[in-house]
Amino acid sequence: MKKNITFVTIVFILLSLYSSVHAQTKIIKKGAKYDTIIVKKGYKPIKKAKPVAVQVSVKEIVLPVPEYINQPYYFDHDKNNLIKLENANALMVTKKKTLGLKGAKQLLSMDAASSKIRFVAKKDIVFFIKTSGDVIDLTSYIKLYEFVPVGQKREVTVTTKEGMLNNKEEAIGRLISFSVKMISKDNYQIQLPEQLAAGEYGLCG
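When we follow the working numbering, the leftmost residue of the sequence shown carries the number 1347, and every step to the right adds one.
Written as structure tokens, this is what we have:
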């Protein structure tokens, strides 16, 4: 009798456990879900406004004007200002070799081996000059020379002449070409076609 009770009890427990597990693992099928969007009659979707292009204003650069007439100025691009160049007197000197038999030369000579005003060699070197108003061709009376230090002076050969013995004097320094652009009435911009190497230079007129 005790065995049957025990068996029944065990079966009941097993059945109870099975029923409980079965209840927990029961699969419930659900239908597909759909999102419902209600659109009102006459509804118009709002269009996003296109971004307005912002115009960047370009700042106008006003070039400086030389203060003194016939005074060359160096134009500083970065600071947009003018730097007054050194004024010095150049003497025209004629040198003959063996009384001219071996040639002669004319040169411009200035005191001091170097200028007091120094610039770092760079591209786009520009000079400004103001005239009295009666100038037709600025290049006809202003020349740009590269001077060479000779002792305590700076010199550049202007002309050379062969002598009877065909011994031509060696030239020192050189003449540098440039172009001129009018920036306003009586004011001119002197532009160089090449980059200047380190050295001594002078505008002579």
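In this text, a Cβ means the ideal position worked out from N, Cα and C, and glycines have one as well. The structure presented is a predicted model; accordingly, all values stated were derived computationally and were not measured.
Residue i, DSSP secondary structure in three states
i       : result
Thr1506 : strand
Leu1538 : coil
Ser1461 : coil
Leu1484 : helix
Gly1414 : Note on identity: in this sequence residue 1414 is Tyr, with Gly being the wrong assignment. Looking at Tyr1414 - three-state DSSP - the assignment turns out to be coil, as it is neither helix nor strand.
Val1357 : Below a pLDDT of 50, predicted positions are generally treated as unreliable, and Val1357, at 41, falls in that range; no measurement from the model is reported.
Ser1455 : strand
Asp1470 : coil
Thr1371 : Residue confidence is low: Thr1371 scores 46 on pLDDT, short of 50, so the model does not pin down where it sits. Its coordinate-derived value is still stated next. Thr1371: coil per DSSP, three-state reduction.
Asn1533 : strand
Glu1501 : strand
Among the options, nearest to residue i - alpha-carbon criterion
i       : options                               : result
Gly1497 : Val1472, Leu1521, Met1528 and Ser1460 : Ser1460
Glu1540 : Lys1531, Gly1551, Asn1533 and Leu1521 : Leu1521
Lys1462 : Lys1394, Pro1410 and Asn1433          : Asn1433
Asp1457 : Phe1421, Pro1495 and Asp1424          : Pro1495
Gly1449 : Thr1506, Phe1524 and Cys1550          : Thr1506
Lys1531 : Ser1478, Lys1393 and Ile1518          : Ser1478
Asp1424 : Glu1508, Asp1483, Leu1409 and Ile1529 : Leu1409
Ile1407 : Lys1451, Cys1550, Leu1549 and Ile1529 : Ile1529
Glu1508 : Ser1523, Gln1401 and Lys1442          : Lys1442
Lys1469 : Gly1548, Tyr1414, Tyr1491 and Phe1421 : Phe1421
Leu1538 : Ala1544, Phe1524 and Asp1483          : Phe1524
Pairwise C-alpha distance: residue j and residue i
i       : j       : result
Asn1416 : Lys1476 : 6 Å
Asn1426 : Leu1437 : 34 Å
Leu1542 : Val1526 : 17 Å
Tyr1564 : Ala1399 : There is no way to answer for residue 1564, as the model of the chain reaches only from 1347 to 1551.
Leu1454 : Glu1501 : 6 Å
Ile1552 : Thr1503 : What is shown of the chain runs 1347 to 1551, which leaves residue 1552 out entirely.
Glu1516 : Gly1551 : 24 Å
Thr1485 : Gln1401 : 43 Å
Pro1397 : Glu1413 : 49 Å
Lys1405 : Asp1483 : 33 Å
Beta-carbon spacing of residue i, residue j below 8 Å
i       : j       : result
Val1481 : Ile1536 : no
Leu1431 : Phe1474 : no
Glu1546 : Phe1493 : yes
Val1439 : Asn1533 : no
Segment limits, beta strand (DSSP E) that includes residue i
i       : result
Asn1433 : Looking at the DSSP string, Asn1433 is not in any beta strand (DSSP E), and its letter there is neither H nor E.
Gly1548 : Glu1546 to Cys1550
Phe1493 : Lys1489 to Val1496
8 Å Cβ cutoff, residue i in contact with chain B
i       : result
Lys1425 : Structure shown: chain B not included; a single protein chain is present.
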